[in-house]
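K.L.:
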Amino acid sequence: MCRVRVWMAKKRYDNAVTSFSRVLSLQDDPAASYLLGAAFLQLKETEKAKEIFRRLLDTGQGRAGIHLQLADAYRAANDTDNFSREVGLAGPSAKDKPLSSSPMASVMADAAQLTSSLETVKPTQQERAKIDRLQVELRTLLASAFNDLGTAEARQEQYSIALAHFHEAAGWNADIAGLARNTGIAAGRAIDYPECIHALRPVVAKNPQDNVARAMLGTALFATHSYADAVQVLTPLGDSVLQIHELAYSSRATTTLD
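According to my numbering, the sequence shown is numbered sequentially starting from 1.
1) Could you check if Arg214 is buried or exposed, using at least 16 other CB atoms within 10 Å of its CB as the buried criterion?
2) So is His225 buried or exposed if we call it buried at 16+ other beta carbons inside 10 Å?
3) For Arg181, which option in Lys206, Glu157, Ser160 and Ile161 has the closest C-alpha, if you only look at C-alpha atoms?
4) Between Ala162 and Ala186, is the Cβ-Cβ spacing less than 7 Å?
5) Decide yes or no for the touch test of the region 166-182 against the region 135-145: beta carbon pairs closer than 8 Å, at least 3 of them.
6) Let me make sure I understand the geometry here. Which of Ala223, Asp192 and Ala230 has the alpha-carbon closest to that of Val204?
7) Just to check my reading of the structure: Ala71 and Phe83 have Cβ atoms closer than 8 Å, yes? What is that Cβ distance to the nearest angstrom?
8) Measure the alpha-carbon distance for Asn78 versus Gly37 and round it to whole angstroms.
9) CB-CB under 7 Å to Ala223, same chain, minus the five flanking residues each way: which ones, in chain order?
10) Less than 7 Å between the beta carbons of Ala199 and Gly184, yes or no?
11) Helix or strand or just coil, what does DSSP make of Asp192?
12) With DSSP collapsed to three states, give me the class of Gln314.
13) I need the DSSP call for Ser226, collapsed to helix, strand or coil.
14) What three-state label does DSSP hand Val23 in the structure shown?
15) Please state if the CB of Ile197 and the CB of Ala220 are separated by a distance shorter than 7 Å.
16) Taking the CB atoms as reference points, tell me whether Phe166 and Gly188 lie closer together than 7 Å.
17) Looking at the structure shown, is Pro236 part of a helix, part of a strand, or coil, going by DSSP?
18) Would you give the residue range spanned by the alpha helix (DSSP H) that Ala170 belongs to?
19) Secondary structure at Glu47, three-state DSSP: helix, strand or coil?
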């Protein structure tokens, strides 16, 4: 957690999101969850932040303290309306809370307080089940966030970086919609043909009408000398394959090798 706190202090919130996510993949850390939410707020990803804080509140533990910490996070993001609302929800204890001269110092101090308060509580079996369910929801939220980030990078033709973030997404929840397709296409553009084939085979099998995925899969198969498979994959595209340079070459070459 030391390095990720440094990212927060240096206002490198994109690095913080990645680092906190890795911490949460290894252990259930309420402080990391809180700080991840705070980082999302600083990146103006308000909805993702709200989801994380809502899940912390839904555990039913230390609700007043979490409301105060959420208020501090909103204050750090200069969101005065939500700050006032959360202070009100925190109750009378908010009056005794000093305002920090450093928003990030306040965020990290509150995260430490959250860890301490939750460690003193022994959840019941029912509460534990609820916490486990919320963790699953959090994993899906993080997977979606990394998938969205990778998609934006791929649209900017930063395919290797996008592929790394698709891998991060898969580490949280490999089953979110569109992730396998995004991974395969980015891998193809990054000239990682084995991964492209691995990702896109099931995508094309499930949706034979996805011509973009089919074209990319066919290209990758040809590039890895799987000529017979490439012919089988590319044939349904018909003459449209000639409209793309790489695929036109692949199609002409494979048809002469049969």
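Glycine is no exception: its CB is placed at the ideal position from the N, C-alpha and C atoms.
P.N.:
Taking the coordinates as given:
1) By the 10 Å Cβ count, Arg214 comes out buried.
2) Result: exposed.
3) Comparing alpha carbon positions, the residue from Lys206, Glu157, Ser160 and Ile161 closest to Arg181 is Lys206.
4) Yes, the pair counts as a contact, with Cβ atoms nearer than the cut-off.
5) With contact defined as three or more Cβ pairs closer than 8 Å, the region 166-182 and the region 135-145 are in contact.
6) With distances taken between Cα atoms, Val204 lies closest to Ala230.
7) About 5 Å; that satisfies the 8 Å criterion.
8) Between Asn78 and Gly37, the C-alpha separation is close to 15 Å.
9) Sequence-distant Cβ neighbours of Ala223 in its own chain, meaning closer than 7 Å and more than five residues away, are Tyr193.
10) Going by C-beta atoms, Ala199 is nearer than 7 Å to Gly184.
11) DSSP places Asp192 in coil when its eight states are reduced to three.
12) The structure shown has nothing for residue 314, since the chain only spans 1 to 258.
13) In the structure shown, Ser226 sits in coil (DSSP, three-state: anything other than H, G, I, E or B).
14) Residue placement at Val23 is flagged as unreliable, the pLDDT there being 42, under the threshold of 50; a coordinate-derived value is accordingly withheld.
15) Yes, the pair counts as a contact, with Cβ atoms nearer than the cut-off.
16) Against a cut-off of 7 Å, the Cβ pair of Gly188 and Phe166 comes out as no contact.
17) Of the three classes helix, strand and coil, the one that applies to Pro236 here is helix, per DSSP.
18) First-last of the alpha helix (DSSP H) with Ala170: Tyr159 to Asn173.
19) In the displayed model, Glu47 falls within a helix according to three-state DSSP.
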